[in-house]
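Read through the structure below, which is laid out as structure tokens, and then see the notes.
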Amino acid sequence: MRWFFSLRREAPLGPEPVPVWERPLGEAPYFVLDLETSGFSPARDKILSVACATFSGWSSEPDESFYAIVRHDDVADVPSHIWELTGLTPEAMRDGEPLEVALRRALELGAGRVWVAHHVRHDLGFLQRATDALWRLRLRPLAMDTAVVAQVLARAARPLTLDEACEWLGIPVVGRHRADADVRMTAAVWRKEMELCGRLGLQTVKDVIDWVSARATG
Numbered sequence: 015m016r017w018f019f020s021l022r023r024e025a026p027l028g029p030e031p032v033p034v035w036e037r038p039l040g041e042a043p044y045f046v047l048d049l050e051t052s053g054f055s056p057a058r059d060k061i062l063s064v065a066c067a068t069f070s071g072w073s074s075e076p077d078e079s080f081y082a083i084v085r086h087d088d089v090a091d092v093p094s095h096i097w098e099l100t101g102l103t104p105e106a107m108r109d110g111e112p113l114e115v116a117l118r119r120a121l122e123l124g125a126g127r128v129w130v131a132h133h134v135r136h137d138l139g140f141l142q143r144a145t146d147a148l149w150r151l152r153l154r155p156l157a158m159d160t161a162v163v164a165q166v167l168a169r170a171a172r173p174l175t176l177d178e179a180c181e182w183l184g185i186p187v188v189g190r191h192r193a194d195a196d197v198r199m200t201a202a203v204w205r206k207e208m209e210l211c212g213r214l215g216l217q218t219v220k221d222v223i224d225w226v227s228a229r230a231t232g
């Protein structure tokens, strides 16, 4: 089960810093991401909103955050239940940011950080299709899936939903299915997961990736 990707970057000038995957969990830089989409297919469905925030180690407050509704002039193919679920509207879509602008800002914030998302394959699938269409850009971030980490820590049969992970970890569920609120909850889930991983003797991002990869199923 390949649920993370290596990050390839050019070597910097001067002494080479410690790679992010070798840093202690409490010292690594994180980039938490969530997309709201019109469905589950990157080939057929739309990115409706983008939210992300950067965190340093254990910090509960983001260093930087970004949220954008993505502009779409034609949303006739968006199912009605998506509007109800996300709180978005066709009018908000028409007044939104161009997808290129929103994604460029998000990718700038994510550079050189460990990406964190709940059900990361969904977000990366949509991002990869969009960045390939816009810039022929292949994304290869080092990404942590909080759903899979929760599955392994809780010894569950499948990855936990964000609602389930929040309930298990005692995190209030507020504003669910709003991208910016989901980013805040995902960040809180990851901080709790870092604590639990630390108690198991896992010290670095690589330790967690190796341990979870060896135990995850599905």
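Each residue of the sequence shown is one higher than the last, beginning at 15 in the numbering used here.
We treat Cβ as the ideally placed atom computed from N, Cα and C, and that holds for glycine.
From a predicted model like this one, the values you see are computed outputs, not experimental measurements.
- For the region 146-204, the continuous alpha helix (DSSP H) assignments of 4+ residues that do not extend past its boundaries occur at 160-168 and 176-183, in sequence order.
- DSSP links Ile83 through a beta bridge to Ser63.
- The alpha-carbon of Val222 is positioned some 25 Å away from that of Ala195.
- With respect to Ala90, Pro76 sits apart: the two C-beta atoms are not nearer than 8 Å.
- The secondary-structure analysis by DSSP pairs Ser70 across a beta bridge with Pro43.
- The region 37-50 and the region 120-139 touch, with no fewer than 3 CB-CB distances between them shorter than 8 Å.
- Taking each of Ile83, Gly40 and Ile96 in turn and checking the Cα distance to Phe54, the smallest one comes out for Ile96.
- Counting along the chain, Ala131 sits inside the beta strand (DSSP E) bounded by residues Val128 to Ala131.
- Thr103 counts as exposed, since fewer than 16 other beta carbons sit within 10 angstroms of its beta carbon.
- By alpha-carbon distance to Thr145, the top candidate from Pro56, Val34 and Ser227 is Pro56.
- For Thr103, no pairing in a beta bridge is given by DSSP.
- DSSP places Leu123 in the helix class (H, G or I) of the three-state scheme.
- Looking at Val163, Ala171, Gly189 and Glu178, the one whose alpha-carbon comes closest to that of Gly212 is Val163.
- Measuring C-alpha to C-alpha distances from Val64 to each of Glu209, Arg192 and Val226 identifies Arg192 as the nearest.
- Rounded to whole angstroms, the separation of the alpha carbons of Glu105 and Pro38 is 45 Å.
- Of the residues assessed, Leu117 falls on the buried side of the cut-off, its CB having 16 or more other CB atoms within 10 angstroms.
- The residue from Val188, Arg169, Val197 and Asp137 with its alpha-carbon nearest to that of Leu210 is Arg169.
- If the five residues before and after Val197 are omitted, its C-beta is found closer than 6 Å to the C-beta atoms of Val46, Asp48, Ala65 and Ala67, all from its own chain and listed in chain order.
- The DSSP-derived three-state label of Asp48 is strand.
- With fewer than 16 neighbouring CB atoms inside 10 Å of its own CB, Glu78 falls in the exposed class.
- In this structure His132 touches Thr160 by the C-beta definition: roughly 5 Å separates them, less than 8 Å.
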